[in-house]
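Number of protein chains: 2
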Amino acid sequence: MTAYETRTSNPPALRFERLAQQDEARAGILHTRRGPIETPVFMPVGTAGTVKGIRFEELERELDAKIILGNTYHLWLRPGIETIRACGGLHRFIGWERAMLTDSGGFQVWSLGALRKITEEGTEFRSHVDGSLQFLSPEVSMEVQAALGAEIVMVFDECAPGEATHEVAQKSMELTARWARRSRSAFDQLQAARADTGYVEATGLSGAQALFGIIQGASHSDLRRTSLEGTVEIGFDGYAIGGLSVGEEKSVMFEVIEEVAPLMPSEQPRYLMGVGTPEDLVEAVARGIDMFDCVLPTRNGRTGQAFTSRGKVNIKNSQWARATLPLDENCGCSVCQKHSRAYLRHLYLAGEMLASMLITHHNLAFFLDTMRGVRQSIRSGGFPKFRREFTERLNTSGE
Amino acid sequence: MTAYETRTSNPPALRFERLAQQDEARAGILHTRRGPIETPVFMPVGTAGTVKGIRFEELERELDAKIILGNTYHLWLRPGIETIRACGGLHRFIGWERAMLTDSGGFQVWSLGALRKITEEGTEFRSHVDGSLQFLSPEVSMEVQAALGAEIVMVFDECAPGEATHEVAQKSMELTARWARRSRSAFDQLQAARADTGYVEATGLSGAQALFGIIQGASHSDLRRTSLEGTVEIGFDGYAIGGLSVGEEKSVMFEVIEEVAPLMPSEQPRYLMGVGTPEDLVEAVARGIDMFDCVLPTRNGRTGQAFTSRGKVNIKNSQWARATLPLDENCGCSVCQKHSRAYLRHLYLAGEMLASMLITHHNLAFFLDTMRGVRQSIRSGGFPKFRREFTERLNTSGE
Numbered sequence: 000m001t002a003y004e005t006r007t008s009n010p011p012a013l014r015f016e017r018l019a020q021q022d023e024a025r026a027g028i029l030h031t032r033r034g035p036i037e038t039p040v041f042m043p044v045g046t047a048g049t050v051k052g053i054r055f056e057e058l059e060r061e062l063d064a065k066i067i068l069g070n071t072y073h074l075w076l077r078p079g080i081e082t083i084r085a086c087g088g089l090h091r092f093i094g095w096e097r098a099m100l101t102d103s104g105g106f107q108v109w110s111l112g113a114l115r116k117i118t119e120e121g122t123e124f125r126s127h128v129d130g131s132l133q134f135l136s137p138e139v140s141m142e143v144q145a146a147l148g149a150e151i152v153m154v155f156d157e158c159a160p161g162e163a164t165h166e167v168a169q170k171s172m173e174l175t176a177r178w179a180r181r182s183r184s185a186f187d188q189l190q191a192a193r194a195d196t197g198y199v200e201a202t203g204l205s206g207a208q209a210l211f212g213i214i215q216g217a218s219h220s221d222l223r224r225t226s227l228e229g230t231v232e233i234g235f236d237g238y239a240i241g242g243l244s245v246g247e248e249k250s251v252m253f254e255v256i257e258e259v260a261p262l263m264p265s266e267q268p269r270y271l272m273g274v275g276t277p278e279d280l281v282e283a284v285a286r287g288i289d290m291f292d293c294v295l296p297t298r299n300g301r302t303g304q305a306f307t308s309r310g311k312v313n314i315k316n317s318q319w320a321r322a323t324l325p326l327d328e329n330c331g332c333s334v335c336q337k338h339s340r341a342y343l344r345h346l347y348l349a350g351e352m353l354a355s356m357l358i359t360h361h362n363l364a365f366f367l368d369t370m371r372g373v374r375q376s377i378r379s380g381g382f383p384k385f386r387r388e389f390t391e392r393l394n395t396s397g398e
Numbered sequence: 000m001t002a003y004e005t006r007t008s009n010p011p012a013l014r015f016e017r018l019a020q021q022d023e024a025r026a027g028i029l030h031t032r033r034g035p036i037e038t039p040v041f042m043p044v045g046t047a048g049t050v051k052g053i054r055f056e057e058l059e060r061e062l063d064a065k066i067i068l069g070n071t072y073h074l075w076l077r078p079g080i081e082t083i084r085a086c087g088g089l090h091r092f093i094g095w096e097r098a099m100l101t102d103s104g105g106f107q108v109w110s111l112g113a114l115r116k117i118t119e120e121g122t123e124f125r126s127h128v129d130g131s132l133q134f135l136s137p138e139v140s141m142e143v144q145a146a147l148g149a150e151i152v153m154v155f156d157e158c159a160p161g162e163a164t165h166e167v168a169q170k171s172m173e174l175t176a177r178w179a180r181r182s183r184s185a186f187d188q189l190q191a192a193r194a195d196t197g198y199v200e201a202t203g204l205s206g207a208q209a210l211f212g213i214i215q216g217a218s219h220s221d222l223r224r225t226s227l228e229g230t231v232e233i234g235f236d237g238y239a240i241g242g243l244s245v246g247e248e249k250s251v252m253f254e255v256i257e258e259v260a261p262l263m264p265s266e267q268p269r270y271l272m273g274v275g276t277p278e279d280l281v282e283a284v285a286r287g288i289d290m291f292d293c294v295l296p297t298r299n300g301r302t303g304q305a306f307t308s309r310g311k312v313n314i315k316n317s318q319w320a321r322a323t324l325p326l327d328e329n330c331g332c333s334v335c336q337k338h339s340r341a342y343l344r345h346l347y348l349a350g351e352m353l354a355s356m357l358i359t360h361h362n363l364a365f366f367l368d369t370m371r372g373v374r375q376s377i378r379s380g381g382f383p384k385f386r387r388e389f390t391e392r393l394n395t396s397g398e
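Here's what the structure looks like:
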């Protein structure tokens, strides 16, 4: 009996079906209780119960996002789980009926820096909402995530900075390992107690939530391996690489992925947390990653930066003052079909909300379309060509 | 030959067709070069080339707004008419193919208060964008409005405060009258010179822009009558009542409308500028008004105030913290079909843009639906009943 078999129920909460593989790049289907999701997949970030600047109707109907991410930390502090429970769980509360993944709060609490205090038990910190003292632990995170009711729950982890020394990274990774066991145990009890607000009858699946483990260890390959082995030994429905894109060099990030991904269970989804630019996604897929989330399309949408097939476009640039061309001539999204760079620049300079809405929309369309292209190319056997052409075109620059 | 006949081309730029009348309330069709518009009609305000917080797709497809308003003052200062001309006029620049009306800038410059200096020639003021000294006159306003290319152009007027003395109001009204003649003359020259960027071939209409006169005179009925007579003598495609909803008592506003509207040409559209709440609209329709614009649905949408069939709802109110009911149970809009007050309150308190987007959407839906109900009731002969029930329901209060 393998570690995985000891831990997953029969039927499982989640099932990964591999359809094609080209070198390390994988195309597959993630079967969730809210329907199938083709992989590799990009998950738009919906931190506080909204993917910033876009309505769910557009995310669903036009952009066809299949899964979005929510944040335990933010939703726990505001509006709080009692409100979300009273409103029937996160799906109902926000009006999104497709799949969701919730981050555990570990990364957000880590981002608070000096404002937090980490002990064996958990993390004490001050709320960014009202300054109150709060305590987050594996058990609390699992309870909050059951109340949110997402399809995929993440273990509560401790994140070391990318450039952490071996000693610091080792301590952090070992703490994450102990927290992973506590997360697994609390999660299983909550599922048994039916605390999950998102329960859905699903053919071939248990209808319960799925739990992902997180591999830490900063840039130290021996620690990453130890973390991977320990996490797989506990047994999860999927595995994530955490602690990347947190200040380390990009080359370090890809070295870690190259080292870790091929060792991750091949029959389960591999999730690279918080990464990255469109080129990062394509390069990580080439190294065996199936799932991504990143705030870049939405955050940069609000600061006037568009991602296009020919590189980034800064809409503030005066060269677009009278430019009638769209953000991306190769993009079929409703923004590129209708609006010019001149208009978007005007909206941005006038401080109009619509600037953020439209650039965010395009950016999400570009990320999701890129992943669609990636999936098709792997399934048709043309991923190396896709990767080469995509990269070449990006470097022809939009400006 | 009447004044009107001397001034309108054959065929006219605009044609008002009265379909039904009940007491003073009128239902009709405003035939414009961009299609027919059923009246009474509410025009969402798109000050700087965007109806704040909503995409044009939604305004058109879901809310079915037939005409929106743009502002000469804002668009002239930013992005400037050279940019808008280079992008093919305002319709093309912003991506709205339906009808538009542009305000002349008179009211906006008036709102600058101490920052402006009024002479016979025009108004000198400092730009709110960059502090530069600017000069707006009837001729400049007409030139800008030709470059914008809206279906309906407003004369450049001077607005006196609602509580202005007779002397102040008279001087202001007389200046407006002289500016109206200059506006008419400059407008006609610009049309002859084909300066209008929005020219559209239209069956039965000239395809040119239409020009509306504005009746001023504050709360003084003799001045309002003089202004009306002088304006009609010049001859316009439609007539507006300006200078209301600028600080006077609501009873004063309705007295002026009651006095002026029945004297306005009955075969041309009557536009009440900058008014008002949903009940104001219904009451003004009952006094013979056909067209409205107001920032309330969009502005209040951004400050968390919703208009509903049972009165205003302040979404910040703690009583909505776990309320699963929608903003308005009688509303069929996509926001009320999907989202709870609890969710909207959460978004608002979290400072999320989506709060503004969703409440703005509902508010516009409510205003436009109210006008739809008004039109249907006049045409079916049930307007008095509609008016009574609408008012009674409003006062049952949403909170």
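Going down the list, the sequences are from chains A and B.
Here numbering that gives the first Met the number 0 is used: the first residue of the first sequence is 0, the next is one more, and so on.
Here numbering that gives the first Met the number 0 is used: the first residue of the second sequence is 0, the next is one more, and so on.
A virtual CB, placed ideally from N, CA and C, is assigned to each residue, including glycine.
This one's a predicted model, so the numbers in the text were calculated from it and none came from an experiment.
Beta-carbon proximity list for residue i, same chain, < 7 Å, skipping 5 on both sides
i	result
A:F389	V281
B:Q169	L222
B:V50	P43, V44, L58, I67 and T297
B:A364	L62, C330 and C332
Reference residue i, options the options, closest by Cα
i	options	result
B:A341	B:V312, B:T38, B:R14 and B:K384	B:V312
B:G381	B:G105, B:R177, B:Q20 and B:G303	B:Q20
B:W109	B:M99, B:T118, B:C158 and B:R301	B:C158
A:P39	A:N394, A:L393 and A:L367	A:L367
B:V373	B:A192, B:N299 and B:A24	B:A24
A:R33	A:Y198, A:V154 and A:E166	A:Y198
A:G52	A:E200, A:T302 and A:T276	A:T302
A:S226	A:W178, A:D22 and A:T71	A:W178
A:R97	A:S182, A:A149 and A:A194	A:A149
B:D292	B:V334, B:R321, B:A239 and B:A217	B:A239
B:G130	B:V152, B:R181, B:L76 and B:S171	B:L76
Interface partners of residue i on chain A, CB under 8 Å
i	result
B:C86	R321, T323, S339, A341 and Y342
B:K51	E351, M352 and L353
B:T82	A320, R321, A341 and H345
Partner residues on chain B for residue i, Cβ-Cβ distance less than 9 Å
i	result
A:S333	R54 and E56
Residues of its chain near residue i, where Cβ-Cβ distance is below 6 Å and the 5 sequence neighbours each way are ignored
i	result
A:E4	For A:E4, the pLDDT reaches just 41, beneath the cut-off of 50, and the residue's location in the model is therefore unreliable, although a value from the coordinates is still provided. Cβ within range, chain order: n/a, list empty.
A:L346	L353 and A354
A:F106	C158
A:E123	K116 and F134
Proximal chain A residues relative to residue i, where beta-carbon distance stays under 7 Å
i	result
B:A425	For residue 425 of chain B there is no data in the structure shown, the boundaries of chain B being 0 and 398.
B:R32	Ordered by position in chain A, no residue passes the 7 Å Cβ test against B:R32, which lies about 21 Å from the chain.
Under 8 Å between C-beta atoms of residue i and residue j
i	j	result
B:L89	B:L147	yes
B:S140	B:S103	yes
B:L348	B:I358	no
A:D327	A:T307	yes
B:L204	B:P10	yes
B:T276	B:L295	yes
A:S218	A:E247	yes
Where residue i meets chain B, residues with beta-carbon distance less than 7 Å
i	result
A:F211	Those within 7 Å of A:F211 in chain B number zero; the least Cβ separation is about 26 Å.
A:S355	M352
Partners in chain A for residue i, counting only beta-carbon separations shorter than 9 Å
i	result
B:R77	H345, L348 and A349
Residue i: contacting residues in chain B (beta-carbon distance under 8 Å)
i	result
A:T71	Simply none; closest approach about 15 Å.
Euclidean distance between Cα positions of residue i and residue j
i	j	result
B:H338	B:E173	51 Å
B:A163	B:L271	19 Å
A:L111	B:H361	37 Å
B:Q144	A:E56	36 Å
A:N70	A:G79	12 Å
A:Q336	A:M263	41 Å
A:F155	B:E351	26 Å
A:K384	B:I314	52 Å
B:E120	A:N394	55 Å
Residue i: CB within 7 Å of a non-hydrogen atom of the ligand ATP
i	result
A:R371	With respect to small molecules bound, the structure shown includes none, and the ligand ATP cannot be examined in it.
Nonlocal neighbours in the same chain, by C-beta distance under 8 Å from residue i, ignoring five residues either side
i	result
B:I83	L74, L89, F92, A146, L147 and T196
A:R17	R25, A26, G27, S265 and E266
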